[in-house]
DNA sequence: ATGAAAGCGCTAACAT
DNA sequence: ATGTTAGCGCTTTCAT
């Protein structure tokens with residue numbers, strides 16, 4: 045074939061980019077020397093190196109990443125898979141990941157695994173990722189046990205964020221104890237009719253977080269010998285709207301709760317709005333605590349559990365980079381701190 | 045050299061993936077035929093094709109994208125550059141872009157151009173993008189005039205979102221008239237002391253949006269022969285916190301405004317919280333209108349301008365795909381609709 | 001309808 | 001310190 049004529053010529057103006065060979069010719073050296081010189085490898089005379097740099101500069105040479113990838117097997121790119129790009133938590137984590145990857149010279153590929161099908165297609169088979177990325181950050185996406193083996197064998201480095209999936213490094217928060225802390229806060233305020241708005245996507249995503257927060261909720265109640273009315277548990281979808289609907293349901297129960305723990309701030313805020321629509325005042329009539337410390341939580345006066353979202357992403361990326369550099373699994377597991385932020389949405393019962 | 049031994053072997057378990065040659069051998073045909081068969085090209089006997097498919101399946105063959113890219117010059121990937129990954133607007137646009145790209149089989153590379161340096165490095169030189177992506181979506185990132193030519197020549201397809209930069213296709217909303225609509229709403233309610241919280245990042249990003257919304261604000265006032273007090277214009281950064289600070293300043297002026305137009309919902313919400321902290325009630329003491337229709341705007345009862353954020357991203361991606369397919373600039377410019385959402389944060393003066 | 005073979009632009013042995 | 005050269009795994013022209 046030869047020259048796959050860089051098609052898609054914009055009105056035929058496509059300038060032919062310089063190759064390593066052009067640089068070699070211009071500098072009067074071999075391509076090997078150019079390669080070494082430009083990549084800062086040893087065994088290049090200083091004078092030669094600067095001559096090569098000069099030539100590369102003149103020709104505006106840019107190495108073709110695809111050729112490098114093909115030759116080295118390193119993509120210098122990492123992939124991040126999230127259930128939902130538009131979600132607040134995920135966007136913050138993504139920002140954190142990007143912030144450490146870009147300076148390290150890695151490209152960031154984003155994959156959304158919103159639907160079970162996407163997830164299946166994406167996670168069920170390690171191979172597609174193989175030459176595309178050097179590593180993968182899985183955010184709140186559990187790898188089904190069956191798929192772990194193939195992934196490990198595939199040679200793609202993975203780290204998980206939000207939940208731990210051995211043997212991969214991970215960065216998590218202690219969702220269970222943080223949730224318990226949130227609920228204890230309510231209990232300490234004298235509340236006994238405490239409701240839960242959780243999120244039930246475990247099935248779809250092998251998503252452990254909702255279950256853990258739910259468990260923390262029950263832990264706190266159990267410590268005091270309390271339990272929750274079945275009708276005081278509603279399931280949302282991590283959205284404002286679903287939180288509103290959940291609260292609507294809670295307020296329609298025979299004994300409405302005096303306090304509510306929502307597994308995310310989005311849902312907590314939906315719940316607050318529902319309360320308002322029902323003519324109730326927060327925290328006078330009902331106390332509400334959320335989880336995340338969303339950008340807008342403070343403006344809402346929402347009591348919540350803060351988690352360092354951006355740092356979580358950054359840490360995940362750093363772990364991945366470390367693993368890549370080590371060339372072997374590091375087995376690191378970072379557990380990031382959480383903090384109860386007491387604001388105006390909770391108050392002593394009565 | 046040969047075999048760049050797919051290093052980073054996970055405990056040496058790295059399974060050697062199948063190449064096109066393996067498939068050819070297994071199917072008893074040549075690699076050329078395998079290539080044709082698997083890509084659905086014509087001139088392959090049906091029986092041959094199925095034999096090849098069988099073999100590929102058996103060997104779990106996955107073509108190496110890097111090799112294809114090198115051979116064809118098509119990356120089957122597109123890049124999206126945003127000023128700020130964690131911003132609500134950008135995360136929604138990103139989600140929209142991903143939703144159309146993924147089904148089309150394109151990888152999505154995300155670049156953050158938060159700092160002027162990043163922007164400069166990224167936009168100032170089209171070449172790095174060249175073999176990495178087939179096209180680029182620039183979200184609210186204006187290309188300095190000097191850089192347009194090189195980009196056009198580089199053969200990378202670009203579309204801009206949020207602002208138009210000829211000759212690239214674009215998707216925008218009419219920020220100026222939408223802002224005027226928002227302010228007219230305030231004026232129609234009898235307000236005369238109307239303040240503006242804008243965002244002044246034009247310099248950093250060649251970012252046209254703030255200026256347009258600002259212009260719309262002035263348009264509406266001018267229609268009524270009104271003008272704004274200089275101290276009634278504050279500049280934020282599209283964040284809740286900066287909106288709060290801006291409102292603090294507005295409320296400290298000698299004649300505090302009775303109404304405020306904020307150039308984004310985040311800032312509007314910060315302003316609402318500031319008003320509350322100052323003991324004021326919205327809309328009783330001050331009316332506030334925002335821009336975006338953020339996920340949480342409805343819960344806040346915030347009157348605002350809705351723009352179809354996800355669709356904007358989707359449309360941008362679609363335009364890019366069309367341009368790629370056409371192999372030539374399409375010159376399409378989509379102007380998406382906006383809508384005034386009247387809620388509880390605005391009311392008649394008095 | 002199929003195959004042989006020449007690249008695509010790099011990197012990395014292996015000389016020298 | 002530098003050059004030669006054989007790949008990396010595909011695609012595509014040109015024969016057949």
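Protein chains in written order, with this note's numbering: chain A, 45 to 394; chain B, 45 to 394. For glycine and all other residues, C-beta sits at the position ideal for the given N, C-alpha and C. Since the structure is predicted, the reported quantities are computational estimates derived from the model, not experimental observations.
*To which residues of the same chain is residue 382/A closer than 6 Å at the C-beta, ignoring the five residues directly before and after it?*
Answer for residue 382/A: 217, 222, 349 and 351, listed in chain order.
*Output the distance between the C-alpha atoms of residue 227/B and residue 261/B, rounded to the nearest integer angstrom.*
For residue 227/B and residue 261/B, the distance between alpha carbons rounds to 6 Å.
*What first and last residue would you give for the beta strand (DSSP E) that runs through residue 350/B?*
Start and end: 348-350.
*Does the beta carbon of residue 241/B sit closer than 8 Å to a beta carbon anywhere in chain A?*
It does not: the Cβ of residue 241/B has no partner Cβ on chain A nearer than 8 Å.
*What did DSSP end up calling residue 82/B once you bin it into helix, strand or coil?*
The answer is helix: DSSP assigns residue 82/B an H, G or I state.
_Output needed for residue 303/A: all residues of its chain with C-beta closer than 8 Å, excluding positions within five of it in sequence on either side, in chain order._
Here the set comprises 230, 233, 235, 237, 238, 239, 330, 331, 332, 333, 390 and 393.
*Kindly list the residues whose CB is nearer than 7 Å to the CB of residue 206/A, restricted to its own chain and excluding five residues on each side of it in sequence; keep chain order.*
If we look at residue 206/A and ignore the five residues flanking it on each side, its Cβ neighbours are 183, 184, 216 and 253.
*Just the Cα atoms here: how many angstroms apart are residue 209/B and residue 148/B?*
Roughly 26 Å separates the two Cα atoms.
_I'd like to know whether the C-beta atoms of residue 164/A and residue 151/B end up nearer to each other than 8 Å._
No, they are not a contact pair.
*Under 8 Å between C-beta atoms, does residue 314/A make it to chain B?*
It does: the Cβ of residue 314/A has a partner Cβ on chain B nearer than 8 Å.
*asked:* Does residue 153/A come out as helix, strand or coil in the three-state DSSP assignment?
replied: Correct three-state label for residue 153/A: strand.
_Selected residue, minimal CA-CA separation from residue 129/B, among 355/B, 280/B, 154/B and 365/B_ = The shortest C-alpha separation from residue 129/B is found at 154/B.
*Identify the continuous alpha helix (DSSP H) that holds residue 360/A and give its terminal residues.*
DSSP places residue 360/A inside the alpha helix (DSSP H), whose first and last residues are 353-370.
*From residue 57/B to residue 363/A, what distance separates their C-alpha atoms?*
Low per-residue confidence applies at residue 57/B: pLDDT is 47, beneath 50, and the placement is therefore not dependable enough to give any value.
*Hey, is residue 151/A's beta-carbon within less than 8 Å of any beta-carbon in chain B?*
Interface residue, yes.
_Supposed close pair residue 78/B, residue 89/B - CB separation, criterion 8 Å_ = Rounded, the Cβ-Cβ distance is 13 Å, inconsistent with contact.
*Taking only runs that begin and end inside the segment 279-309 of chain A, name each unbroken beta strand (DSSP E) of 3 or more residues, in chain order.*
Runs found: 303-306.
_Within 8 Å of any Cβ in chain B, is that where the Cβ of residue 136/A sits?_
At least one C-beta of chain B is nearer than 8 Å to the C-beta of residue 136/A.
_Own chain partners of residue 49/B with C-beta closer than 6 Å, once the 5 adjacent residues on each side are dropped_ = Low local confidence applies: a pLDDT of 39 at residue 49/B is under 50, so the model's placement there is unreliable, with the coordinate-based value given in what follows. Same-chain partners within the cutoff: there are none.
*Cβ of residue 318/A within 8 Å of Cβ of residue 340/A?*
No.
*Jot down the residue ranges of each uninterrupted beta strand (DSSP E) in the segment 191-272 of chain B, minimum 3 residues, whole runs only, in chain order.*
Qualifying beta strand (DSSP E) stretches, in chain order: 201-205, 214-217 and 238-243.
*Grab the span of the alpha helix (DSSP H) containing residue 91/A for me, first residue to last.*
That run of the alpha helix (DSSP H) goes 90-103.
*Please report the Cβ distance between residue 299/A and residue 273/A, rounded to the nearest whole angstrom; I am assuming they are in contact, meaning their Cβ atoms lie under 8 Å.*
The C-beta distance from residue 299/A to residue 273/A rounds to 7 Å, short enough to fall under 8 Å.
*Considering only the beta carbon of each residue, do residue 122/B and residue 199/B sit closer than 8 Å?*
In this structure, residue 199/B does not lie closer than 8 Å to residue 122/B by Cβ.
_Please classify residue 100/B as buried or exposed, where buried requires at least 16 neighbouring CB atoms within 10 angstroms._
Classification of residue 100/B: buried, given that the 10 Å Cβ count is 16 or more.
_Cα-Cα separation between residue 327/B and residue 107/A, rounded to whole angstroms_ = Taking the straight line from one Cα to the other gives about 59 Å.
*Return the chain-ordered list of same chain residues with a C-beta closer than 6 Å to the C-beta of residue 308/A, the five sequence neighbours on each side being excluded.*
Apart from the 5 residues on each side of it in sequence, residue 308/A sits with its Cβ closer than 6 Å to the Cβ of 282, 335 and 336 in its chain, given in chain order.
*Residues, ordered as in the chain, of the segment 331-344 of chain B that lie near chain A by beta-carbon distance below 9 Å*: Within the segment 331-344 of chain B, the qualifying residues are 338, 339, 340, 342, 343 and 344.
*Scan the segment 61-77 of chain A for residues whose Cβ lies nearer than 9 Å to a Cβ of chain B and list them as they occur along the chain.*
Residues of the segment 61-77 of chain A with a C-beta less than 9 Å from any C-beta of chain B: 61, listed in chain order.
*asked:* Rounding to the nearest angstrom, what Cα-Cα distance links residue 279/B and residue 134/B in this structure?
replied: The alpha-carbon of residue 279/B is positioned some 20 Å away from that of residue 134/B.
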